[in-house]
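Novice: My questions will all concern the structure given below.
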Amino acid sequence: MSESPQVAVHNNQAASRYEITVDGKVVGLAAYSVRSSTISFVHTEVTPELSGLGLASTLIKAALKDARQRGLDVLPYCEFVRHYISTHPEEIDLVPAIRRPAFGLPAEPAKIA
């Protein structure tokens, strides 16, 4: 029986990026810059041979959770982060409403019926 790989996400503040590791090896990152109370995500990547396994989504989910806990507004310049937020409406409030149209996001979160 094989063990499941150990997946972890951490904020490497010195490098201005969140990193995702599998069994201790960095396999992906979400680069950002922080200015005042805003975090701008500028690039996300995962090792090509591991793409399609959901690691980028796991990485962004953790990064957005950390941004929320830190009280930061999010600017999703990175296409993947923008897509993640657009498909996870519970995260749209992280993007200031006035900035959402510039990222192709609705000004108001979708209402759940």
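For the sequence shown, my numbering assigns the number 32 to the initial residue and increments by one for each residue that follows. Cβ coordinates follow ideal geometry from the N, Cα and C atoms, glycine included.
#1: Would Leu95 and Val40 be called neighbours here (beta carbons separated by less than 8 Å)?
#2: Where Gly85 and Val38 are concerned, what is the direct C-alpha to C-alpha distance, given to the nearest angstrom?
#3: Would you list the one or two residues that DSSP bridges to Ile51?
#4: Thinking just about the alpha-carbon of each residue, which of Arg130, Glu139, Ile51, Val58 is nearest to the one in Ser71?
#5: For Arg48, count the other beta carbons within 10 Å of its own beta carbon; 16 or more makes it buried, fewer makes it exposed. Which is it?
Specialist: The answer reads as follows:
#1: Residue mapping note: residue 95 aligns to position 64 of the sequence shown, counting from 1. Residue mapping note: residue 40 aligns to position 9 of the sequence shown, counting from 1. The answer is no: Cβ separation not under 8 Å.
#2: On the sequence shown, position 54 is the one that residue 85 refers to. On the sequence shown, position 7 is the one that residue 38 refers to. Between the C-alpha atoms of Gly85 and Val38 there is a straight-line separation of about 11 Å.
#3: Within the sequence shown, numbered from 1, the residue matching residue 51 stands at position 20. Answer is Val40, Gly59.
#4: Residue mapping note: residue 71 aligns to position 40 of the sequence shown, counting from 1. The shortest C-alpha separation from Ser71 is found at Arg130.
#5: Residue 48 sits at position 17 when you count from the first residue of the sequence shown. Buried.
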